[in-house]
Amino acid sequence: MLTAAIAVTALAAGYTLGRVRPWDRLDTWVWRRFAFMGAWTQSKPQAVLTIAAHILVRPRLSYDIWRRRNDPRPPERAPSIRLRSTTDTEEPTP
0 MLTAAIAVTA LAAGYTLGRV RPWDRLDTWV WRRFAFMGAW TQSKPQAVLT
50 IAAHILVRPR LSYDIWRRRN DPRPPERAPS IRLRSTTDTE EPTP
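Under numbering that gives the first Met the number 0, the first residue of the sequence shown carries the number 0, and numbering increases by one thereafter.
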């Protein structure tokens, strides 16, 4: 009987966590903090909290960001090529 009660409790807890999705909500919160940084980032504890939450939610991405923090910037690209219109009826002047 005790095993059945534990199994039902575990299933109910799993269902509730699946509906509430706390991990997804934390991920969304972190994304919003990084995407829409504002005056709140001037507070060091809030910035540290956001970075810690990012490490908790996305450890692989955090590791990749940390590993590439000193990489050189990619070179600037040349401007795009401009093509002349081939439907112009005027002849170019010599």
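Yeah, the Cβ is synthetic: ideal placement off N, Cα and C, and Gly gets one too. Only a predicted model underlies this, so the values are computations on that prediction, with no experimental measurement involved.
Of all C-beta pairs linking the region 17-32 to the region 58-77, fewer than three are shorter than 8 Å, placing the two stretches out of contact.
Rounded to the nearest whole angstrom, the C-alpha separation of Leu-48 and Ser-42 is 10 Å. For Ile-54, same chain residues with a beta-carbon under 7 Å away, outside a window of 5 residues either side, are Ser-61 in chain order. Bounds of the alpha helix (DSSP H) holding Thr-2 are 1-19. Annotated as proximal: Ala-52 and Val-29, with beta-carbon spacing under 8 Å.
Inter-residue distance for Val-7 and Thr-15 is about 12 Å (C-alpha atoms, whole angstroms). Counting along the chain, the unbroken alpha helix (DSSP H) around Ala-51 starts and ends at 43-56. When DSSP states are grouped into helix, strand and coil, Asp-70 belongs to the coil group.
With 16 or more other Cβ atoms from the protein chains shown falling within 10 Å of its own Cβ, Arg-32 counts as buried.
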